[in-house]
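What follows is a short report on a single structure.
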Amino acid sequence: MSNSGALSSALSSSAQDIVLENGTYDNAAYFVNSAGHRLYARTLGGAVLRAGLVMGGNWGPGQGLVQGIAFDVTDRAKTIGGWGDIIHIWGTGVGSRVLDTTFDGHGVMRAAVMGSQSDGLVIQRVRAGGFTDYGVLADGSPGAVTPVLFEDLNVWGVTRQVPRSANGTAEACIWLGNPGTLRRALVRDCAWMGVWIGEDSRNALIEHLDIDGTPVGIYPEHYSWGAVIQYFRIGPAVERGINCEWNDPATGGLPACADVTIQDGTIDSTLLGVALNPGTTRTTVRRVTFRSQSKAAIGDNGPDNAYYDNDYPR
580 MSNSGALSSA
590 LSSSAQDIVL
600 ENGTYDNAAY
610 FVNSAGHRLY
620 ARTLGGAVLR
630 AGLVMGGNWG
640 PGQGLVQGIA
650 FDVTDRAKTI
660 GGWGDIIHIW
670 GTGVGSRVLD
680 TTFDGHGVMR
690 AAVMGSQSDG
700 LVIQRVRAGG
710 FTDYGVLADG
720 SPGAVTPVLF
730 EDLNVWGVTR
740 QVPRSANGTA
750 EACIWLGNPG
760 TLRRALVRDC
770 AWMGVWIGED
780 SRNALIEHLD
790 IDGTPVGIYP
800 EHYSWGAVIQ
810 YFRIGPAVER
820 GINCEWNDPA
830 TGGLPACADV
840 TIQDGTIDST
850 LLGVALNPGT
860 TRTTVRRVTF
870 RSQSKAAIGD
880 NGPDNAYYDN
890 DYPR
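For the numbering used here, count along the sequence shown from 1 and bump the result up by 579.
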């Protein structure tokens with residue numbers, strides 16, 4: 580397959596392997612993969628798409644795949660709804676996979692991958708930069724059968740034109756709102772937070788992270804109950820390392836963090852290391868090295884939390 584017309588035609592047929600030859604594939608609108616096609620680049624990064632891609636929809640078997648493709652999109656009109664999601668997964672897009680793929684949003688696209696249908700979503704070995712709201716996101720599939728897997732991600736440069744103007748609702752390099760695993764990620768320059776977890780992300784495993792250049796390294800929101808956060812390095816250009824949201828009455832007065840374990844990492848932050856905000860309960864911080872905090876390594880404002888075997892070097 581070597582041109583956009585042939586690609587659009589193939590996508591309108593039943594599920595098949597589609598191999599894209601080296602070259603540029605553009606379109607007046609976004610491409611649609613509702614049938615569960617498996618899209619491959621002939622050589623890694625050799626096929627460049629300059630329009631967005633939708634996976635799933637109102638019909639189709641799901642299980643679509645994108646591998647080895649480079650997305651370079653500058654026009655939101657070439658994405659579904661004009662929203663600016665280079666890959667948008669929804670509806671029947673269960674079990675979608677995005678592998679070995681790069682995304683350049685040029686500071687105008689909203690997200691590299693928007694997983695509104697996140698049941699069984701797999702994103703591995705992805706590089707993404709230059710987005711206004713999110714690098715990669717999984718959120719919106721309560722009751723999903725298969726957990727999300729985010730692995731080997733390099734995400735940077737997520738900010739609106741006025742940094743932090745999203746007021747905590749976006750500007751996150753990685754956003755995990757479903758049960759799943761985030762493993763091995765390099766995160767840089769995110770205007771509000773490096774990694775956000777919450778919504779339905781109970782019992783998430785978050786590990787092997789390197790985060791810098793963001794006000795908050797990891798932000799467990801409602802509801803991050805049972806999460807394990809481990810093997811991380813956060814800072815030094817970070818204000819708060821890990822910030823457990825408070826028990827806001829607007830969210831039912833329940834804690835964001837309950838039965839959370841934070842362990843085996845280093846936080847080098849300017850203000851706070853770990854903030855266990857009001858309502859945080861049964862959360863453990865252990866074997867963490869804290870450096871450079873001006874206010875506190877650990878701020879504990881909740882009941883039944885524990886912290887031990889930590890290191891507080893001068």
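Glycine included, C-beta positions come from ideal geometry on N, C-alpha and C.
Source: prediction; values computed, not measured.
Minimum Cα-Cα distance from residue 779 among the listed residues 792, 796, 759, 798 corresponds to 759. Straight-line spacing of the CA atoms in residue 684 and residue 612 works out to 20 angstroms. For residue 755, the pairing in a beta bridge is given by DSSP as 717, 776.
In the DSSP assignment, residue 842 is bridged to 809, 865. In this structure, residue 711 sits near residue 689, with a CB-CB distance shorter than 8 angstroms. Shortest Cα-Cα distance from residue 893 to any of 878, 847, 865, 860 involves 847. One alpha carbon belongs to residue 740, the other to residue 686, and they sit about 8 angstroms apart.
Between residue 873 and residue 850, the C-beta spacing is below 8 angstroms. Remark: C-beta atoms of residue 880 and residue 859 approach each other more closely than 8 angstroms. One Cα belongs to residue 814, the other to residue 865, and the distance between them is close to 18 angstroms. Here DSSP, grouped into helix, strand and coil, assigns residue 655 to helix. Boundaries around residue 876 are those of the beta strand (DSSP E), 875-879, since no alpha helix (DSSP H) includes it.
By the criterion of a C-beta distance shorter than 7 angstroms, residue 634 is surrounded in its chain by 612, 643, 666, 668, 672, 675, once the five residues flanking it on both sides are discounted. Here residue 830 carries a helix assignment [DSSP, helix/strand/coil]. The C-alpha of residue 884 lies about 31 angstroms from the C-alpha of residue 713. Assignment of residue 585 by DSSP, reduced to helix, strand and coil, places it in the helix class. For residue 801, there is no enclosing beta strand (DSSP E), as DSSP marks it with neither H nor E.
For residue 770, same chain residues with a beta-carbon under 8 angstroms away, outside a window of 5 residues either side, are 737, 738, 739, 742, 743, 745, 750, 793, 794 in chain order. In the structure shown, residue 590 adopts helical secondary structure according to DSSP, grouped into three states.
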